[in-house]
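A.B. asks:
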Amino acid sequence: DYSHGIDAARRELEGFNAFSEKYGVQTCYQIHSGACIGSNCAGLMHLIRGFDPQHIGAYPDPGHLLLDGEDWAMGLAMIGDYLSVIGIKDALYLSQPDQIPPYTPCFVKLGDGGVDWGRYLGLLCEGGFDGPLTVHTEYRFDESIIRQVGYAETTPPNLEQWAKEDAVYLRNVLSSLGAK
Numbered sequence: 010d011y012s013h014g015i016d017a018a019r020r021e022l023e024g025f026n027a028f029s030e031k032y033g034v035q036t037c038y039q040i041h042s043g044a045c046i047g048s049n050c051a052g053l054m055h056l057i058r059g060f061d062p063q064h065i066g067a068y069p070d071p072g073h074l075l076l077d078g079e080d081w082a083m084g085l086a087m088i089g090d091y092l093s094v095i096g097i098k099d100a101l102y103l104s105q106p107d108q109i110p111p112y113t114p115c116f117v118k119l120g121d122g123g124v125d126w127g128r129y130l131g132l133l134c135e136g137g138f139d140g141p142l143t144v145h146t147e148y149r150f151d152e153s154i155i156r157q158v159g160y161a162e163t164t165p166p167n168l169e170q171w172a173k174e175d176a177v178y179l180r181n182v183l184s185s186l187g188a189k
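Residue numbers for the sequence shown follow my numbering, so the first one is 10 and each next one is one higher.
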């Protein structure tokens with residue numbers, strides 16, 4: 010059940026916390042949509058609350074939050090001092106009318122999905138976030154395929170070009186917000 014899963018995951022995090030404290034690093038837990046412990050900021054706080062934010066950090070991703078429906082401002086407020094790294098990924102639900110369910114999660118280039126990058130990055134700027142942004146190059150992949158077989162064997166031919174375009178897009182949004 011959920012409570013036992015949380016308890017088991019927290020016991021595992023205790024080991025990461027000790028490791029992080031011993032070696033002066035931080036373990037970050039990335040939010041991931043779907044049936045995952047910590048699939049949004051609220052769920053993540055069940056895992057990391059009470060740990061030292063210097064040793065255990067939150068790694069939200071607006072693409073995954075979009076798929077699971079959590080409000081970004083509320084989510085960022087929940088994780089507060091645990092906010093350490095931001096995953097940069099855009100997503101949408103792709104229509105597949107011949108399948109059940111008729112919509113499936115899909116990751117796309119920045120600006121092609123449902124993430125309002127001006128709003129999300131604006132919230133980060135307003136909150137004074139100056140940590141790393143990690144651009145994830147997962148494009149046009151069905152989430153279930155990524156979970157089952159991985160990503161490395163099916164790299165799209167335009168991956169490098171799309172990653173460059175994402176970097177330009179991200180820089181333009183940040184520039185429009187006055188961020189450096």
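Glycine is no exception: its CB is placed at the ideal position from the N, C-alpha and C atoms.
Please report the Cβ distance between V177 and T143, rounded to the nearest whole angstrom; I am assuming they are in contact, meaning their Cβ atoms lie under 8 angstroms.
C.D. replies: As a first step, residue 177 is located in the sequence shown; it is residue number 168 there, counting from the start. As a first step, residue 143 is located in the sequence shown; it is residue number 134 there, counting from the start. At roughly 17 angstroms, the Cβ-Cβ gap does not stay under 8 angstroms, so V177 and T143 are not in contact.
A.B. asks: The beta strand (DSSP E) spanning Y112 covers which residue range?
C.D. replies: Indexing the sequence shown from 1 puts residue 112 at position 103. Y112 to V117 is the extent of the beta strand (DSSP E) around Y112.
A.B. asks: For D139, count neighbouring C-beta atoms within 10 Å of its own C-beta (all shown protein chains included) and say buried if the count is 16 or more, exposed if not.
C.D. replies: By 1-based counting over the sequence shown, the position of residue 139 is 130. Exposed: under 16 other Cβ atoms inside 10 Å.
A.B. asks: Based on the DSSP secondary-structure assignment, which residues constitute the bridge partners of T36?
C.D. replies: Mapped onto the sequence shown, residue 36 falls at position 27. In the DSSP output, where bridge partners are listed per residue, T36 has I65.
A.B. asks: If contact is defined by three or more beta carbon pairs under 8 angstroms, each pair taking one atom from either stretch, is the region 83-94 in contact with the region 108-121?
C.D. replies: With the cut-off at 8 angstroms, the region 108-121 and the region 83-94 do not touch.
A.B. asks: Is it the case that the Cβ atoms of Y38 and G24 are separated by a distance below 9 angstroms?
C.D. replies: Residue mapping note: residue 38 aligns to position 29 of the sequence shown, counting from 1. Residue mapping note: residue 24 aligns to position 15 of the sequence shown, counting from 1. No.
A.B. asks: Which of the three DSSP states is assigned to L76 in this structure?
C.D. replies: Here the question's residue 76 lines up with position 67 in the sequence shown. Note: L76 maps to helix in three-state DSSP.
A.B. asks: Should L130 be labelled buried (16 or more other beta-carbon atoms within 10 Å of its own) or exposed?
C.D. replies: The residue given as residue 130 occupies position 121 in the sequence shown. Burial call: buried.
A.B. asks: Enumerate in chain order the residues of its own chain whose CB-to-CB distance from W171 is below 8 angstroms, with the five nearest sequence positions on each side excluded.
C.D. replies: In the sequence shown, residue 171 corresponds to position 162, counting from 1. The residues are K118, T146, Y148 and P165.
A.B. asks: Taking all protein chains shown into account, decide if V158 is buried (16 or more other Cβ within 10 angstroms of its Cβ) or exposed.
C.D. replies: Taking the first residue of the sequence shown as 1, we reach residue 158 at position 149. With a pLDDT of only 49 at V158, under the threshold of 50, the placement of this residue in the model should not be trusted; the figure read from the coordinates follows. Exposed, by the Cβ-count rule.
A.B. asks: Drop a sphere of 10 angstroms on the beta-carbon of L22, count the other beta-carbons inside from all chains shown, and report buried for 16 or more, exposed for fewer.
C.D. replies: Residue numbering aside, residue 22 sits at position 13 when the sequence shown is read from its first letter. With 16 or more other Cβ atoms within 10 Å, it is buried.
A.B. asks: Exposed or buried, what is L168 when buried is set at 16 or more other beta-carbons lying within 10 Å of its beta-carbon?
C.D. replies: Within the sequence shown, the letter at position 159 stands for residue 168. Counting Cβ neighbours within 10 Å, L168 comes out exposed, since fewer than 16 surround it.
A.B. asks: H13: buried (16+ other C-beta within 10 angstroms of its C-beta) or exposed?
C.D. replies: Along the sequence shown, one-based indexing puts residue 13 at 4. When all chains shown are included, H13 counts as exposed.
A.B. asks: Among K173, P71 and G136, which has the Cα closest to the Cα of D125?
C.D. replies: Translated into the one-based positions of the sequence shown, residue 125 becomes position 116. Considering only alpha carbons, the answer is P71.
A.B. asks: Excluding sequence positions up to five away, which residues of its chain have a Cβ less than 6 angstroms from the Cβ of Y91?
C.D. replies: Along the sequence shown, one-based indexing puts residue 91 at 82. Only I57, P62, G66 and A67 meet the Cβ criterion.
A.B. asks: Do C50 and L74 have their C-beta atoms closer together than 9 angstroms?
C.D. replies: Taking the first residue of the sequence shown as position 1, residue 50 is located at position 41. Taking the first residue of the sequence shown as position 1, residue 74 is located at position 65. Yes; because the gap between Cβ atoms is below 9 angstroms, this pair is in contact.
A.B. asks: How long is the line joining the alpha carbons of H55 and I15, rounded to whole angstroms?
C.D. replies: Stepping through the sequence shown from its first residue, residue 55 is reached at position 46. Stepping through the sequence shown from its first residue, residue 15 is reached at position 6. Near 7 angstroms, if we compare the C-alpha coordinates of I15 and H55.
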